[in-house]
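Position in the first sequence counted from 1, then plus 8, gives you our numbering. What follows is a set of notes on a single structure, which appears directly below.
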Amino acid sequence: MHIDQIIKEKIVEAVDSLYDQKIEADSVQLQNTRKDVEGDVTVVVFPFLRFSKKSPEQTAEQLGEYLKEQVDLIDDFSVIKGFLNLLISKNYWLSVLEDAANRPTFGFKAADENSPLVMVEYSSPNTNKPLHLGHIRNNLLGFSIGEIIKANGNKLVKTNIVNDRGIHICKSMYAWKQWGEGKTPENTGIKGDHLVGDFYVLFDKHYKQEISELQEKGLSKEEAEQQAPSIVAAREMLLKWEAKDPEVIELWEMMNQWVYDGFDVTYKELGVDFDKIYYESDTYLVGKEEVLRGLKEGIFYQREDQSVWADLTADGLDEKILLRSDGTSVYMTQDIGTAKLRFNDYTIDKMVYVVGNEQNYHFQVLSVLLDKLGFDWGKGLHHFSYGMVELPHGKMKSREGTVVDADDLMAEMIEVARKTSEELGKLEGYTEAELAETYKTIALGALKYFMLKVDPKKNMLFNPEESIDFNGNTGPFIQYTYARIRSVIRKAESNGIQLNKQLTQSISLSEKEQELIKSISLFPAVIKEAGDAYSPAVIANYIYSLVKEFNQFYHDHSILGEEDEAVRNFRLVLSQTIANVVESGMKLLGINVPERM
RNA sequence: GCCUCGGUAGCUCAGUUGGAUAGAGCAACUGCCUUCUAAGCAGUAGGUCAUGGGUUCGAAUCCCGUCCGGGGUACCA
9 MHIDQIIKEK IVEAVDSLYD QKIEADSVQL QNTRKDVEGD VTVVVFPFLR
59 FSKKSPEQTA EQLGEYLKEQ VDLIDDFSVI KGFLNLLISK NYWLSVLEDA
109 ANRPTFGFKA ADENSPLVMV EYSSPNTNKP LHLGHIRNNL LGFSIGEIIK
159 ANGNKLVKTN IVNDRGIHIC KSMYAWKQWG EGKTPENTGI KGDHLVGDFY
209 VLFDKHYKQE ISELQEKGLS KEEAEQQAPS IVAAREMLLK WEAKDPEVIE
259 LWEMMNQWVY DGFDVTYKEL GVDFDKIYYE SDTYLVGKEE VLRGLKEGIF
309 YQREDQSVWA DLTADGLDEK ILLRSDGTSV YMTQDIGTAK LRFNDYTIDK
359 MVYVVGNEQN YHFQVLSVLL DKLGFDWGKG LHHFSYGMVE LPHGKMKSRE
409 GTVVDADDLM AEMIEVARKT SEELGKLEGY TEAELAETYK TIALGALKYF
459 MLKVDPKKNM LFNPEESIDF NGNTGPFIQY TYARIRSVIR KAESNGIQLN
509 KQLTQSISLS EKEQELIKSI SLFPAVIKEA GDAYSPAVIA NYIYSLVKEF
559 NQFYHDHSIL GEEDEAVRNF RLVLSQTIAN VVESGMKLLG INVPERM
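What follows is the structure in structure tokens.
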């Protein structure tokens, strides 16, 4: 049992015995003892004053005496201003370390066949342009939260819904047909998603041009926007697509494939993947059927113009359109259809949607609609809502060229990692392949940690002028600490020193060493908290503080230079265990750690 | 207008189930490599926790008002 739990239960006992009052164990407030005060765990005694009818000091004193008497693990206590500081025995901490060191999956809860199945949807790109920084945040959060969900003892299915149809796709298609001159990824050497994105931008350029020409001829802005030849052609293409015109379908399939091939490269580089991919072109008609079923069952209603609506005013929401008057589907319709297909494919216990916070309202509505349509998990779906990535000048806008491209950013960061590594020159003897692998590990570690260390709910700022740092509270700092530990362990091994995971009880521990064990012992609770709060940032901040402490220890203590064999062994086991926690913690963020850097 | 999220050091962010003197990193300045990796460690400086009230033994944290900013409120996705 964890020490906190033991103390809480003993406090309940003490309050009962001393003040004849029953309290709940969870109501006992514990906190880590302040650094400048001797002790490990602090009990806040103020809440007990109304039972004890004594001063805070006297109450704390009485409780302290009781605990010291009754609990072997408590060596001593002190009372400062109504805070009861407990000193935990050294042997307890040694046993905690021993336990962590001997468990390969320390902190993780394993799933079995009865565990809940959680489906996480993330990424969800459009196929008309390449991925940018906003998608990176989505992908990293989605992948990481999946890992965290798994670590908390759930089965996981990662899924992606690709928005592969609609007017925006037709814009790229029309532009390619009109001005593409037969360009392909093969004959230009341009990555497929970028090539298609270029045509999307090209479309917009021509479209804007046409609008201003029409306006000069005396049309209003609205008229010009409706009548510009390009948009008329794109709309026509969409109609042909829906009518399954062979020529249009062929073009659509070809250009979408270019994009998928491009995305695959980006996903692979980012290190994210999916168990099952859905395509909107397969789901939107299913959604329409579901809406019509809902209409028939009286869940929805139809207006005179034939459009279908859901009245959610009883649920505190608005009325929501589900099918347009021409019978075509809207965004919501597609999400209903996708949900239906997923429900058929898997026995989902919980659905998590990783989608930006601009869609909070949409998911509130979706949850109610799915519930009304009879999906068990509809009511309990979780919208993992995250904030936008902002640039110094504001939001990213694809058409205005103010986006930070995912592929470019990764390539730049790998280049910075290469330069930095070469300057430091610690990778002698590595092959070209090993070097490339290490540069990538560091670069992606920096990028991922940068994105994941901030609270997902909040908007975050990315300044491309100041490239992502490699020093301080960063991924490479953590990776560096891991590499340092590995270096020591390798040296120990080559000197014939064996790690013994049975620790000698008689050794004395420095303050820093004890603090490190305390930090290690928090890992399981941190994983749980990250899962409950849907926050990879909780993991990131924990690893950072652990690693920060380790570096202080490393600076002040010699590991291999220690004469006392039992102490040296302890320090090796401590270091190795921290390396393991760092490695598995970083894995929860989707970040790899290098053996050397 | 209504709904919703946010405002903590020059900058980027922790800390928010109410607890002791509000923490990191970056940027600035100062030390520490003949000893296990200096992508490190130690130090100096930097705060009316947007603001005004309230609740409490105790408020960055909870409640109310105000100011500022983001998002939503589409037969767009």
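Using N, Cα and C, we set each Cβ at its ideal position, and we do this for glycine too. Quantities reported herein were computed from a predicted structural model and do not represent experimental measurements.
How many Å lie between residue i and residue j at the Cα?
i	j	result
residue 234	residue 242	11 Å
residue 47	residue 528	17 Å
residue 32	residue 17	9 Å
residue 525	residue 87	24 Å
residue 357	residue 351	10 Å
residue 437	residue 604	11 Å
residue 224	residue 236	13 Å
residue 330	residue 542	30 Å
residue 260	residue 359	31 Å
residue 250	residue 292	11 Å
residue 585	residue 108	7 Å
residue 496	residue 104	23 Å
residue 327	residue 337	16 Å
Applying the criterion that 16 or more other CB atoms from any shown protein chain within 10 Å of the CB defines a buried residue, is residue i buried or exposed?
i	result
residue 54	exposed
residue 321	exposed
residue 262	exposed
residue 579	buried
residue 489	buried
residue 134	buried
residue 187	exposed
residue 254	exposed
residue 257	exposed
residue 247	exposed
residue 523	buried
residue 203	buried
residue 232	buried
residue 494	buried
residue 199	buried
residue 206	buried
Is residue j closer than 8 Å to residue i when the C-beta atoms are compared?
i	j	result
residue 555	residue 486	yes
residue 180	residue 208	yes
residue 509	residue 110	yes
residue 395	residue 456	no
residue 167	residue 285	yes
residue 342	residue 297	no
residue 460	residue 521	no
residue 150	residue 404	no
residue 558	residue 115	no
residue 414	residue 144	yes
residue 299	residue 316	yes
residue 125	residue 158	no
residue 476	residue 447	no
residue 628	residue 270	In the structure displayed, the chain extends from 9 to 605; residue 628 sits before or after that span and is not available.
residue 389	residue 369	no
residue 155	residue 452	no
Among the candidates the options, whose CA atom is the shortest distance from the CA of residue i?
i	options	result
residue 70	22, 155, 40	22
residue 74	92, 134, 57, 104	92
residue 165	175, 176, 152, 177	152
residue 78	220, 315, 219, 94	94
residue 504	281, 200, 568, 56	568
residue 301	502, 56, 382, 548	382
residue 96	435, 353, 85	85
residue 515	523, 577, 484, 501	577
residue 547	278, 560, 592	592
residue 348	538, 386, 319, 280	386
residue 536	63, 161, 355	161
residue 402	428, 339, 468	468
residue 14	24, 27, 36, 30	36
residue 588	113, 40, 25	113
residue 574	471, 566, 511	511
residue 312	323, 379, 507, 334	334
residue 353	601, 572, 283, 122	283
residue 424	463, 411, 479, 384	479
residue 128	120, 169, 106	169
May I ask which residues mark the beginning and end of the beta strand (DSSP E) holding residue i?
i	result
residue 167	163-170
residue 86	82-88
residue 93	91-96
Kindly indicate the opening and closing residues of the alpha helix (DSSP H) around residue i.
i	result
residue 220	200-224
residue 342	339-353
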